[in-house]
Structures are given as C-alpha cells and as structure tokens.
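Visitor: The opening position of the sequence shown corresponds to residue 144 in the numbering used here, with each subsequent residue numbered one higher.
Backbone N, C-alpha and C fix where the C-beta goes; we use that ideal spot for every residue, glycine too.
My structure is below; once you've seen it, I'll send some questions.
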Amino acid sequence: MRNYQSVVVSIKDLPSDIIIQMTELYLDNYEGTTEAVFRCDLAAKDQAIALYSGGELVGFTTLRVFSANHNGIPIRIVYSGDTIVDRQHWGQQELAFAWIARIGEIKAQAPDVPLYWFLLVKGHRTFKYLSVFGKSFHPHWQIDRSDLKPLADQLAHASFGHDYNPVSGVVEFSASRGHLKPFIAEPTEEELAKEATRFFLRKNPGYRQGHELVCLCELESANMKPLTARIFNRALRSAAAA
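Here is the structure:
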C-alpha cells in the first residue's frame, strides 16, 4: 500500500518547482497544448490540491470559486480545472477525498447559498467521477436533470462565448486547446461496457479534438453518495466550528 498525502495550496503560493512538476504531468497526459496554455489556465484558478507519494508530486486538481446570480438568486460556483494523476497512481482515493473535504469547507463559508460544481469534461474517466460523487447531475444517462441546463448554459456562455454550443451542451473549440493522449482518452472494452462511458462518447463525439462536455452538479449533502456526504459533512462541520 502506498502512502499518499494531499495539500491544498493557493495558486499564488505555489513554489516554482511545483509548478514545473505540475506542467510536466500535464504535458505527459495532454497533447495539442503547450506549457503557456497550462500556466495561463493555472493562473486563472484560486487553489490547487496537490497529491504526493513518498514526497513526489504524482497528481493534482485545480479549482476556482466564484459568485453568480441565477434567476435572481445568489449562488456560488466551484469551477474545476485540470485534474491529473500519474498513471502509476491511478486508483488511489486520496485526491478525491481531499477534494470532497475542500468542498465541505467551501460550503461552510456560505452555508445558506446554493453551491454548484461546474465541470468541463474532456474524457470518459473524468465523467465517471460525477457519478462517484453525486446522485444526480446534468447531463445524466438515466436521470433527467434538465432543470440544471439553463444554469449550465449561463455559465458556459459567460466563460466560452460562441465556442459553446447550447444544443449539444459542448464547448466546441475550432482548434484544440489540449486533448487527452490516446492512452487515456480511448476506452477499453471493459469501460465501453459501462453505460456512463457510452453516454459520454455520444454526448461528446469530438473529445479527441479537445471538445469539452459541460456538466453541472449540485454540491449539497442530499445530492451526494453516502461516503461523499460523510466526508463533505464532516469537513463542513469542522470548518464551521473553527
């Protein structure tokens, strides 16, 4: 069993050597992109959750939290950036658990304000994490959450303008700004047997060219799977009591 540790770090406080390591991980997993593209996206985020094993950076995820208004109601958004784990460390749960705990802490900052997860998905493996965390989300292969589509459209239009196609629900860049390398992007036969994988491939047929499926999930304990809800609520209570 490997020993993993995760650390939440403000983007402005990231040491230069860690940014270099993050960039290397990114370029190991993506093509059709550059170091400059990655650094620009990183600078637009608030925080990173860094994953370490034996003192070595083996993965990370980034996020930005912002306020918005939808139908006259104030809301808050957690916007996920790149999430990358070195292939040798696939299957670990530390990064996911750290992300859930951080969401609980964010919810504690404004417990009465609705909180949503805004996620753009380039690959089927990332898409499956929605069903690990949440009971329902948009789009879903079985559950109709079309009530979330107007907000998803609003956020995607504000962020990507005419590159967003509201009919398909996909950000369709004319030229790739980064797409997964084939060893990650292409599903195995076992993965193709899963309905969620087939649904993602239907919804985002241009994923090989860097098209991104716009997804939205309510970040409330009532919409979370039992394990996710326990981690979320524990972090929420701890942050509220601090």
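Mind checking who threonine 226 pairs with in its DSSP beta bridge?
Guide: Answer is Thr204, bridged to threonine 226.
Visitor: Return the CA-CA distance between asparagine 376 and alanine 191, expressed in angstroms with no decimal places.
Guide: Those two C-alpha atoms are separated by around 21 Å.
Visitor: Just verifying my parser: in three-state terms, what is the DSSP assignment at serine 432?
Guide: This structure cannot speak to residue 432, because the chain is shown only from 144 to 385.
Visitor: By alpha-carbon positions, which one of Val201, Ser279 and Ile154 ends up nearest to aspartate 184?
Guide: Minimum Cα distance to aspartate 184 is reached at Ile154.
Visitor: When you compare only the Cα positions, how much space is there between isoleucine 246 and leucine 362?
Guide: The alpha-carbon atoms of isoleucine 246 and leucine 362 are separated by roughly 8 Å.
Visitor: Between the C-alpha atoms of histidine 267 and glutamine 236, what's the straight-line distance to the nearest angstrom?
Guide: Roughly 18 Å between the two C-alpha positions.
Visitor: Starting from the C-beta of leucine 238, find all residues in its chain whose C-beta is less than 7 Å away, skip the five residues before and the five after it, and write them out in chain order.
Guide: Contacts found: Ser149, Ile192, Leu194, Gly202, Thr204 and Val228.
Visitor: Considering only the alpha carbon of each residue, which of Val208, Val256 and Lys188 lies closest to isoleucine 218?
Guide: Measuring from the Cα of isoleucine 218, the nearest candidate turns out to be Val256.
Visitor: Rounded C-beta distance between glycine 349 and valine 313? I'm assuming under 8 Å.
Guide: Yes, glycine 349 and valine 313 are in contact; Cβ-Cβ is about 7 Å, under 8 Å.
Visitor: Specify, as a first and last residue, the run of the beta strand (DSSP E) that tyrosine 195 falls within.
Guide: That run of the beta strand (DSSP E) goes 190 to 196.
Visitor: Okay, do the region 327 to 345 and the region 298 to 314 touch, 3+ Cβ pairs below 8 Å being the bar?
Guide: Because the criterion of three Cβ pairs below 8 Å is not met, the region 327 to 345 and the region 298 to 314 do not touch.
Visitor: Write down the C-beta distance between isoleucine 220 and phenylalanine 261 rounded to the nearest angstrom, noting that I regard them as a contact closer than 8 Å.
Guide: So it is a contact: roughly 5 Å between Cβ atoms.
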